[in-house]
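Let me begin by presenting the structure, written as structure tokens, before commenting on it.
Residue numbers (my numbering): 98 to 416.
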């Protein structure tokens, strides 16, 4: 096997691979773009019999090998059989030789996503967003992309545009008191997520007729289906589903709702509530309890997090 391009090379593009293999440039260009969209970066390219082997690295440093063959008549075959992760393999095989403007699911569809699940303070916010083909193709013009790549101002600005452009969306916000009551009954975050996603979808379906639902993967699909009670709805869950702009729009609206709710808590308690669940969270919670008492956590935090035990112990030691 002859090494053509390694991780020390400065050029990772379809033109270089074409020059070295004779393989179709348009196909390779689209494939490389597709792999980047699913967060796979090419680290090495090897020539193999009748084709090329791409070694791609994911964000968590896992390595995946993808083979592309081209016969004498020009027919190209994409081989992902060396990838053992089912979700990654299926994502790779979605590439059909063209840049797909509708990753994962074609419109019309309802995309859903949530914000606040991993944050100790603040509510859980879930959004369902409907997009037909016309709406979908205009989302990019508005600036829609994965909310994790946008700052709070950009998220707020795009959210305002989305609210004007498309009224067929629903945001379900589960405040901390309600969230804690829900968790006491279920002891399962996925049960809460399933109910919230399904409720948002149901709200959208009051105004539109749509059979396709796409959501970022958060757990087994049955948490969502059991709450929809409609077998005619086709539900698909994928990791990194935000590559589909309907899900990205839902992620932006959910994130904006969460950030605004956190700002409201900060004003109410005259204290800045940080994001996440790290050490700074514990410091803030201790100050909050010392000022307002233990019960304040029920109103402001997701008390099922491990932080709560550490926080209450620190308050006890302080006393």
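Don't be surprised by glycine CBs; every beta carbon is placed ideally from N, CA and C.
For residue 246, the nearest candidate out of 414, 349, 391 (CA to CA): 349
If I measure Cβ to Cβ from residue 334 and keep anything under 6 Å in the same chain, skipping five residues before and after, which residues do I get? 312, 314, 318
Quick check on residue 103: buried or exposed, where buried means 16 or more other Cβ atoms within 10 Å of its Cβ? Low confidence applies here, because residue 103 scores a pLDDT of 39, under 50, leaving its location unreliable and the question unanswered by this model.
Extent of the continuous beta strand (DSSP E) run through residue 269: 266-271
List the endpoints of the continuous alpha helix (DSSP H) containing residue 154. Not the alpha helix (DSSP H): residue 154 falls in the beta strand (DSSP E), residues 148-155.
Out of 187, 302, 227, 337, which one is the CA nearest neighbour of residue 204? Of the listed residues, the one whose Cα sits closest to residue 204 is 227.
According to DSSP, what are the bridge partners of residue 162? 152
Using the C-alpha atoms, what's the distance from residue 171 back to residue 288? 50 Å
Using alpha carbons as the reference points, say which of 124, 207, 186 lies closest to residue 136. With distances taken between Cα atoms, residue 136 lies closest to 186.
In chain order, what residues of the same chain have a beta carbon less than 8 Å from the beta carbon of residue 98, not counting five sequence neighbours either side? Low confidence applies to residue 98: its pLDDT is 33, below 50, so where it sits in the model is not reliable enough to give any reading.
Between the alpha carbons of residue 208 and residue 291, how many angstroms are there, rounded? 14 Å
Which whole-angstrom value describes the C-beta separation of residue 214 and residue 221, a residue pair presumed to lie in contact below a C-beta threshold of 8 Å? The pair is a contact, with the Cβ atoms about 6 Å apart (cut-off 8 Å).
For the beta strand (DSSP E) containing residue 253, list its first residue and its last residue. Counting along the chain, residue 253 falls outside any beta strand (DSSP E), though it belongs to the alpha helix (DSSP H) covering 249-262.
Is residue 145 close to the ligand NAD? I mean its beta-carbon at under 7 Å from any heavy atom of the ligand. Among the ligands in the structure shown, none appear at all, so the ligand NAD cannot be discussed.
Exposed or buried, what is residue 340 when buried is set at 16 or more other beta-carbons lying within 10 Å of its beta-carbon? Counting other Cβ atoms within 10 Å of its Cβ, residue 340 reaches 16 or more and is therefore classed as buried.
Going by DSSP, what residues sit across from residue 135 in a beta bridge? According to DSSP, residue 135 bridges with nothing at all.
Excluding the 5 residues preceding and the 5 following residue 305 in the sequence, name in chain order all residues of the same chain whose CB lies nearer than 7 Å to its CB. 227, 265
DSSP on residue 330, reduced to helix/strand/coil? coil
What distance in whole Å lies between the Cβ atoms of residue 379 and residue 401, which are believed to be in contact at a cut-off of 8 Å? Wrong, their Cβ atoms sit about 15 Å apart, outside the cutoff.
In chain order, what residues of the same chain have a beta carbon less than 6 Å from the beta carbon of residue 192, not counting five sequence neighbours either side? 128, 131
Within its chain, find whatever has a CB closer than 7 Å to the CB of residue 351; leave out the 5 residues flanking it on each side and keep chain order. 210, 211, 212, 222, 223, 224, 268
Do residue 180 and residue 161 have their C-beta atoms closer together than 8 Å? yes
Can you list, in chain order, the residues of its chain whose CB lies under 8 Å from that of residue 217, leaving out five sequence neighbours each side? 373, 374, 378, 382, 398, 399, 402, 404
According to the neighbour-count rule (16 or more other Cβ atoms, all chains shown, within 10 Å of its Cβ), is residue 100 buried or exposed? The predicted model places residue 100 with a pLDDT of 38, which falls under 50 and marks its position as unreliable, so this point remains unresolved.
Measuring alpha carbon to alpha carbon, tell me which of 140, 189, 163 ends up nearest residue 337. 189
The beta strand (DSSP E) with residue 223 in it runs from where to where? 221-228
Please determine, among 198, 133, 174, 263, the residue with the shortest C-alpha to C-alpha distance to residue 347. When C-alpha distances from residue 347 are compared across 198, 133, 174, 263, the shortest belongs to 263.
Can you tell me where the alpha helix (DSSP H) with residue 180 in it begins and where it stops? No alpha helix (DSSP H) contains residue 180, which DSSP labels as neither H nor E.
Under the three-state DSSP convention, the category residue 189 falls into: helix
Which of the three DSSP states, helix, strand or coil, is assigned to residue 391? coil
Check for me: the alpha helix (DSSP H) holding residue 350 runs from which residue to which? Under the DSSP assignment, residue 350 falls in the alpha helix (DSSP H) whose first and last residues are 342-366.
Just to confirm the assignment, what range does the alpha helix (DSSP H) spanning residue 291 have? In the DSSP assignment, residue 291 falls within the alpha helix (DSSP H) that extends over 286-302.
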